[in-house]
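Asks:
There are 2 protein chains.
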Amino acid sequence: MNEALQQLPLRIEAQKLEKAAFILKAIGHPIRLAILDLLDQTNQMHVSELQEKLDIEQALLSHHLIKMKDKGVLLAVKKGKYIYYSIADPSMIRIIDCIAQCKAL
Amino acid sequence: MNEALQQLPLRIEAQKLEKAAFILKAIGHPIRLAILDLLDQTNQMHVSELQEKLDIEQALLSHHLIKMKDKGVLLAVKKGKYIYYSIADPSMIRIIDCIAQCKAL
DNA sequence: ACAAAATATTAACATACTTTTATATGAATG
DNA sequence: CATTCATATAAAAGTATGTTAATATTTTGT
Chain A
1 MNEALQQLPL RIEAQKLEKA AFILKAIGHP IRLAILDLLD QTNQMHVSEL
51 QEKLDIEQAL LSHHLIKMKD KGVLLAVKKG KYIYYSIADP SMIRIIDCIA
101 QCKAL
Chain B
1001 MNEALQQLPL RIEAQKLEKA AFILKAIGHP IRLAILDLLD QTNQMHVSEL
1051 QEKLDIEQAL LSHHLIKMKD KGVLLAVKKG KYIYYSIADP SMIRIIDCIA
1101 QCKAL
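Protein chains in written order, with my numbering: chain A, 1 to 105; chain B, 1001 to 1105.
Take a look at the structure:
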């Protein structure tokens, strides 16, 4: 990203812009938003539970979960057979709430 | 997107998920967030003003503006020589504020 | 140890996004 | 009316993303 953005009269600093864009890109997909919505409600769920709710291919769900985990959006904790996913950062929920309440959508 | 999502116990309905994802994808880029930040502060700006602030290629800026306009994020009004862009929906600003204030970023 | 269940990994493909360079359009001005 | 300024469009190239299908890994129960 452009260096010059560093000295701009933006309310959001360049580094934050990068991070925000990174997060938005990481969650900007219907399946991912659905996952976040479910995890926000239930605190945590394992993959099979999510798969049942979402009714999508196992590999596809796994892919989305891992991508979000890799990008720091989700946490994964293995408990025996299952892997429980949860939302990494509570402030993430505010973005989701914001979307959920956004009348424009 | 998966039909079955329609009957899910999600707080956010399937259609809203699609729209939200669409918007998030449309704004999930550092340059676009910077544009939104500037437009939010100034209400409206024409392309040259934005270009000066952002210091990026004219064609690149034009591309981002038009994409956001096509996706309903921005409005464009031609006044003689200039084209003024503004944020289409005020509730969009809440998402941006949310991002700006998000400590996690 | 074996089979089944839960999840990840890989490869392949299609599609979409970002950027650059070059060119076109249309409005304003001397 | 020719030029300059503001902006868009097009083409090309590189990169990233989403999806499917097939296979592998790990854990559990028998």
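No residue lacks a Cβ here, since even glycine has one placed at the ideal position from N, Cα and C.
For aspartate 55 of chain A, does the count of other Cβ atoms within 10 angstroms reach 16, so buried, or fall short, so exposed?
Replies: Taking the first sequence and counting its residues from 1, the one referred to as residue 55 of chain A is at position 55. Per the 10 Å Cβ criterion, exposed.
Asks: So which residues of chain B does lysine 25 of chain A contact, with C-beta pairs closer than 7 Å?
Replies: Taking the first residue of the first sequence as position 1, residue 25 of chain A is located at position 25. Per Cβ cutoff of 7 Å: Gly1028.
Asks: With a 10 Å radius around its C-beta and 16 neighbouring C-beta atoms as the bar for buried, classify tyrosine 82 of chain A as buried or exposed.
Replies: The residue labelled residue 82 of chain A in the question sits at position 82 within the first sequence. Tyrosine 82 of chain A comes out exposed.
Asks: May I have the straight-line CA-CA distance separating glutamate 1018 of chain B from leucine 1010 of chain B, to the nearest angstrom?
Replies: Within the second sequence, numbered from 1, the residue matching residue 1018 of chain B stands at position 18. Within the second sequence, numbered from 1, the residue matching residue 1010 of chain B stands at position 10. Near 13 Å, if we compare the C-alpha coordinates of leucine 1010 of chain B and glutamate 1018 of chain B.
Asks: Please report the residue range of the alpha helix (DSSP H) in which lysine 1079 of chain B lies.
Replies: Stepping through the second sequence from its first residue, residue 1079 of chain B is reached at position 79. Element bounds for lysine 1079 of chain B: not the alpha helix (DSSP H) but the beta strand (DSSP E), 1074-1079.
Asks: Comparing C-alpha positions only, which one of B:Leu1038, B:Leu1060, B:Glu1013 sits nearest to aspartate 37 of chain A?
Replies: Locating residue 37 of chain A in the first sequence gives position 37, counting from the first residue. Minimum Cα distance to aspartate 37 of chain A is reached at B:Glu1013.
Asks: For isoleucine 1087 of chain B, name the three-state secondary structure that DSSP assigns.
Replies: Walking along the second sequence from the start, residue 1087 of chain B turns up at place 87. If DSSP states are grouped into helix, strand and coil, isoleucine 1087 of chain B belongs with the strands.
Asks: Could you tell me which residues DSSP puts in a beta bridge with histidine 46 of chain A?
Replies: Mapped onto the first sequence, residue 46 of chain A falls at position 46. Histidine 46 of chain A pairs with A:Tyr84.
Asks: Is the Cβ-Cβ distance between valine 1073 of chain B and alanine 1020 of chain B less than 9 Å?
Replies: The count along the second sequence starts at 1 and reaches residue 1073 of chain B at position 73. The count along the second sequence starts at 1 and reaches residue 1020 of chain B at position 20. Contact flag unset, no.
Asks: Quick check on the burial criterion: 16 or more other C-beta atoms within 10 angstroms. Buried or exposed for isoleucine 1066 of chain B?
Replies: The sequence position of residue 1066 of chain B within the second sequence is 66, counting from 1. When all chains shown are included, isoleucine 1066 of chain B counts as exposed.
Asks: Which residues of chain A have a Cβ atom closer than 8 Å to the Cβ of isoleucine 1095 of chain B, listed in chain order?
Replies: Within the second sequence, residue 1095 of chain B is the residue found at index 95, counting from 1. The answer, in chain order, is Ile95, Cys98, Ile99, Cys102.
Asks: What's the C-alpha gap between isoleucine 120 of chain A and histidine 46 of chain A?
Replies: This structure cannot speak to residue 120 of chain A, because chain A is shown only from 1 to 105.
Asks: When you compare each of B:Asn1043, B:Ile1031, B:Cys1102 to valine 1077 of chain B by their alpha carbons, which one comes out closest?
Replies: Here the question's residue 1077 of chain B lines up with position 77 in the second sequence. It is B:Asn1043.
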